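Sequential numbering from 3 applies to the sequence shown in my numbering. Where a beta carbon is used, it is the ideal one built from N, C-alpha and C, also for glycine. Fair warning: this is a prediction, and the values are worked out from it, not measured in the lab.
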Amino acid sequence: MAHPKSNDYNEKDIALARYSKALGHPARVAIIKHLASMNTCCFTDILYELPIAQATVSQHLTELKNSGLIQGCVEPPKVQYCINKENWETAQKLFNEFLNIKIVRT
Numbered sequence: 003m004a005h006p007k008s009n010d011y012n013e014k015d016i017a018l019a020r021y022s023k024a025l026g027h028p029a030r031v032a033i034i035k036h037l038a039s040m041n042t043c044c045f046t047d048i049l050y051e052l053p054i055a056q057a058t059v060s061q062h063l064t065e066l067k068n069s070g071l072i073q074g075c076v077e078p079p080k081v082q083y084c085i086n087k088e089n090w091e092t093a094q095k096l097f098n099e100f101l102n103i104k105i106v107r108t
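This is the structure:
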């Protein structure tokens with residue numbers, strides 16, 4: 003049996019999977035919730051919100067940045083993070099479409 007390649011999927015499904023993966027850890031969900039409550043936030047503010055190590059927070063921020071859900075702006079000596087509003091709106095639409103799929107009842 004042949005395994006499907008990523009180019010066998012449409013752009014929306016690939017984006018939905020990328021956003022889902024980024025939100026697949028409770029720490030990343032907490033980071034998103036924290037960032038959603040403000041315009042921007044520096045790394046240390048996020049660090050103090052979570053009961054995890056600095057390196058782990060960095061890894062979670064990297065995952066969220068790679069997915070496009072957040073963005074970081076270097077303003078020496080700090081990095082400011084915020085929700086990427088355009089990508090967040092796209093993610094909302096994709097999740098809404100996906101979660102509203104009608105399930106066939108037998």
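Cβ atoms of Ala-93 and Leu-71 come within 8 Å of each other, at about 7 Å. Within a 10 Å sphere around the beta-carbon of Ile-16 sit fewer than 16 other beta-carbons, which makes this residue exposed. Within the model, the alpha-carbon separation for Pro-78 versus Asn-98 is close to 38 Å. By the neighbour-count criterion, in which 16 or more other beta carbons inside 10 Å mark a residue as buried, Leu-101 falls on the exposed side. Taking every protein chain shown into account, the CB of Asn-68 has fewer than 16 other CB atoms within 10 angstroms, so this residue is exposed.
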